[in-house]
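Taking it in order: structure first as structure tokens, then the write-up.
So, in structure tokens, the structure goes:
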């Protein structure tokens, strides 16, 4: 994964609440065995409306989305994160995110920045005309108008994003601890260890 | 060691923590991993590219469900019928190649055990109480019905589990949903969970794991508990669970992957210890009065948009939150409804009985009870019953339920996710309504422009008979 330090640029003033992952990428786009090319299906239903924000000339290709509460709820499809990445989005700012989506976003190097609704309201205004800067190191969102909002982020996620770390690699490095757990489980809870090996 | 009182969730978590880092992130061991064709190809591909293998292949079970057509799978000559849709066929082919290549057990579309992952897990005994269970599907919360800690994951996490048999996670907060009293006659688990989501909202459980507590859940069948836990994710909770008890053990005993002999006895002893301790506290607690729950339906495009069947379509201005007012207006526009309209006046052209929420034998029995000796209404153009698995299908046929459905004018299909999610040929046409026993009424979920009303199996059957949303209690005692 590429390290992420800062995301800067125009933002889509989206603002919608409870954006589910079916809205981000409808199911018929999920019939793929690759991660690429899903940007074409991103927000498909909304984009049928010619006045939709994602096709607005001045913000097209923006790296940031400003959204409402509970962004990414619903299906666990990581295709939602891949679709955003494919359309060039590297960060979403919202008052809250679904747990599964924020995990998927993180694993693809997309920042999910949580800010209170008042800050979102302000950023929606700014996004209409001007760029926004997200600084991960300092955990701030700033605008050309001296707005400065600080956000919280899980320290482990921040570290992985800044360093571009591969989670699977990190965990595999703890292989001994996993082996020790497996040995304990085989002794204390052997019924879990057999799985499909129990098949008749 | 004397320990503080713990909840069911905390006990399962503690039993699976490999290690906790200083920043509070834990490596959590995963006991069971279910894999289907849609969210796994990129995970297997990543393993292949990095030269990694599956750490514990016997702890993963692969079964296709999402994009399989639910029409006949074998022709008259006994040959498998290929999937016409090229991309779906490719995804299925990828799973059929990946599973054996990585040593994972695979259930083929024509196998009697094939079905929706969340039906297959419990009914094969692969899903066990106290287990950590994951799948690249958000409705994995379903398996909480057998007392497991089960949750949906993304494809990168699927890869992580395949490679390490663990996940990197932070412990969730705990939430208790306690239902006091008894459900009214004719009110089902589906009505209850729709009502609960209406109360807590789709973000009510975000960051939390729900434990469903109270006599109502204790008295529920395992099938009903699976229905309730299934929709935890619609309330924002990644997982929801009911404490395992004698019913759970009786349900699982003797199933294909359930422990046997001494292992079984030891397992039951541990499972019995998993109940939330007296004095344990929850971060959040919601109390629901069972008597308040009526047969419940949805009017909008979010699972929190619920109303009792005797109610009316709400006015957007009746919501306090301005953003909810806006969302409600958009929902009404999409759904083609007007405020004040009686729910029972809403005509439906399609009926879907199925999905991981409501495709188990109990669900089919409930629908058949309403449909027996009746016919579907003429305005209902398309009505399908899709059993959750080959085993459910066989049992339903042994009980003669398939005849009841067919005689009532409904179609009896092969197992799969079907019209729940618009990924296979089973779709609801644009602008038409569907009374659906599935779990999501999102915009376009059942097909572009499709209008979904979430209901219980009995209510879907009632709607099939009258051609409009109907209080099932008017048709049966």
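Residue numbers (my numbering), protein chains in the order written: chain A, 1 to 200; chain B, 1001 to 1477. We treat Cβ as the ideally placed atom computed from N, Cα and C, and that holds for glycine. Owing to the predicted nature of the structure, the values given are computational and were not obtained by experimental measurement.
Assuming residue i contacts residue j (C-beta within less than 8 angstroms), just tell me the rounded distance between them.
i	j	result
residue 1209 of chain B	residue 1189 of chain B	That belief does not hold up - the Cβ atoms of residue 1209 of chain B and residue 1189 of chain B are roughly 19 angstroms apart, past 8 angstroms.
residue 1058 of chain B	residue 171 of chain A	Wrong, their Cβ atoms sit about 20 angstroms apart, outside the cutoff.
residue 1444 of chain B	residue 45 of chain A	5 angstroms
residue 1468 of chain B	residue 1344 of chain B	6 angstroms
residue 1139 of chain B	residue 1067 of chain B	Rounded, the Cβ-Cβ distance is 16 angstroms, inconsistent with contact.
residue 1009 of chain B	residue 1241 of chain B	7 angstroms
residue 151 of chain A	residue 113 of chain A	5 angstroms
residue 1104 of chain B	residue 1035 of chain B	7 angstroms
residue 1414 of chain B	residue 1070 of chain B	5 angstroms
residue 81 of chain A	residue 105 of chain A	5 angstroms
residue 1336 of chain B	residue 1114 of chain B	That pair is no contact at about 37 angstroms.
residue 1216 of chain B	residue 1179 of chain B	4 angstroms
residue 1227 of chain B	residue 1358 of chain B	6 angstroms
residue 1312 of chain B	residue 1284 of chain B	Actually they are not in contact, since the Cβ atoms of residue 1312 of chain B and residue 1284 of chain B sit about 31 angstroms apart, beyond 8 angstroms.
Measure the C-alpha to C-alpha separation of residue i and residue j and round it to an integer number of angstroms.
i	j	result
residue 42 of chain A	residue 1278 of chain B	48 angstroms
residue 138 of chain A	residue 1186 of chain B	57 angstroms
residue 1320 of chain B	residue 1013 of chain B	38 angstroms
residue 145 of chain A	residue 128 of chain A	13 angstroms
residue 1245 of chain B	residue 1223 of chain B	14 angstroms
residue 1110 of chain B	residue 1305 of chain B	38 angstroms
residue 1271 of chain B	residue 1375 of chain B	45 angstroms
residue 90 of chain A	residue 136 of chain A	12 angstroms
residue 58 of chain A	residue 24 of chain A	21 angstroms
residue 121 of chain A	residue 102 of chain A	21 angstroms
residue 1273 of chain B	residue 1102 of chain B	36 angstroms
residue 1300 of chain B	residue 1108 of chain B	37 angstroms
residue 1421 of chain B	residue 1214 of chain B	32 angstroms
residue 1380 of chain B	residue 1175 of chain B	41 angstroms
residue 1047 of chain B	residue 1160 of chain B	9 angstroms
residue 1151 of chain B	residue 1141 of chain B	5 angstroms
residue 1423 of chain B	residue 1037 of chain B	12 angstroms
residue 1 of chain A	residue 1346 of chain B	51 angstroms
residue 153 of chain A	residue 9 of chain A	21 angstroms
residue 1433 of chain B	residue 1177 of chain B	32 angstroms
residue 1001 of chain B	residue 83 of chain A	Because residue 1001 of chain B sits at a pLDDT of 49, beneath the cut-off of 50, its placement in the model cannot be relied upon, and the following sentence gives the value as read from the coordinates. Computed Cα separation, rounded: 50 angstroms.
residue 1504 of chain B	residue 1466 of chain B	Nothing about residue 1504 of chain B can be reported from this structure: the residues present for chain B run from 1001 to 1477 only.
residue 1243 of chain B	residue 1122 of chain B	15 angstroms
residue 1449 of chain B	residue 14 of chain A	21 angstroms
How about residue i and residue j: do their beta carbons lie closer than 7 angstroms?
i	j	result
residue 1126 of chain B	residue 1257 of chain B	yes
residue 1259 of chain B	residue 1267 of chain B	yes
residue 18 of chain A	residue 1302 of chain B	yes
residue 7 of chain A	residue 63 of chain A	yes
residue 1089 of chain B	residue 1083 of chain B	yes
residue 76 of chain A	residue 110 of chain A	no
residue 1166 of chain B	residue 1029 of chain B	yes
residue 1155 of chain B	residue 1060 of chain B	no
residue 1452 of chain B	residue 1441 of chain B	yes
residue 1118 of chain B	residue 1133 of chain B	no
residue 1207 of chain B	residue 1235 of chain B	no
residue 1463 of chain B	residue 1366 of chain B	no
residue 1290 of chain B	residue 1183 of chain B	yes
residue 1361 of chain B	residue 1383 of chain B	no
residue 1331 of chain B	residue 68 of chain A	no
residue 66 of chain A	residue 124 of chain A	yes
residue 1307 of chain B	residue 1354 of chain B	no
residue 33 of chain A	residue 1094 of chain B	yes
residue 1025 of chain B	residue 156 of chain A	yes
residue 1005 of chain B	residue 1280 of chain B	yes
- [ ] Ignoring anything shorter than 4 residues or poking outside the stretch 1188-1256 of chain B, list the alpha helix (DSSP H) runs there in chain order.
- [x] 1189-1200, 1215-1219, 1222-1230 and 1246-1252
Task: Whole beta strand (DSSP E) elements within the stretch 1296-1322 of chain B, 3-residue minimum - done: 1296-1298 and 1306-1308
Open item on the list: What are the residues in the stretch 1189-1207 of chain B lying within 7 angstroms of chain A by C-beta distance?
Closed with: 1202, 1203, 1206 and 1207
- [ ] Please specify which runs of the beta strand (DSSP E), each continuous and at least 3 residues long, are wholly inside the stretch 1399-1448 of chain B, giving them in chain order.
- [x] 1433-1436
Task: Secondary structure, beta strand (DSSP E): runs of 3+ residues fully inside the stretch 1121-1199 of chain B - done: 1132-1135, 1149-1152, 1166-1169 and 1173-1180
Task: Where the stretch 106-139 of chain A meets chain B: residues whose CB sits under 8 angstroms from a CB there - done: 107 and 108
- [ ] Jot down the residue ranges of each uninterrupted beta strand (DSSP E) in the stretch 66-141 of chain A, minimum 3 residues, whole runs only, in chain order.
- [x] 91-94, 111-114 and 132-135
Task: Cβ-based contacts, 9 angstroms cut-off: residues of the stretch 87-100 of chain A near chain B - done: 96, 97, 98, 99 and 100
Open item on the list: Against chain A, which members of the stretch 1441-1466 of chain B pass a CB distance test of less than 8 angstroms?
Closed with: 1442, 1443, 1444, 1445 and 1448
TODO: Could you name each continuous beta strand (DSSP E) segment of 3 residues or more that falls completely within the stretch 136-194 of chain A, going from the start of the chain to the end?
DONE: 140-142 and 148-150
Open item on the list: Short of 9 angstroms Cβ to Cβ, which residues in the stretch 167-192 of chain A face chain B?
Closed with: 167, 168, 169, 170, 171, 172, 174, 175, 177, 178, 180, 181, 182, 185, 188, 189, 190, 191 and 192
Task: Residues of the stretch 43-70 of chain A whose Cβ lies closer than 7 angstroms to any Cβ of chain B, in chain order - done: 45, 68, 69 and 70
Open item on the list: Give me the subset of the stretch 12-40 of chain A whose CB atoms are less than 9 angstroms from a CB atom of chain B, sorted by chain position.
Closed with: 15, 16, 17, 18, 20, 21, 22, 23, 26, 27, 28, 30, 31, 32, 33, 34 and 35
Open item on the list: What are the residues in the stretch 1415-1433 of chain B lying within 7 angstroms of chain A by C-beta distance?
Closed with: 1421, 1422 and 1423
Task: Ranges of the alpha helix (DSSP H) found wholly within the stretch 1250-1290 of chain B, counting only runs of at least 4 - done: 1261-1272
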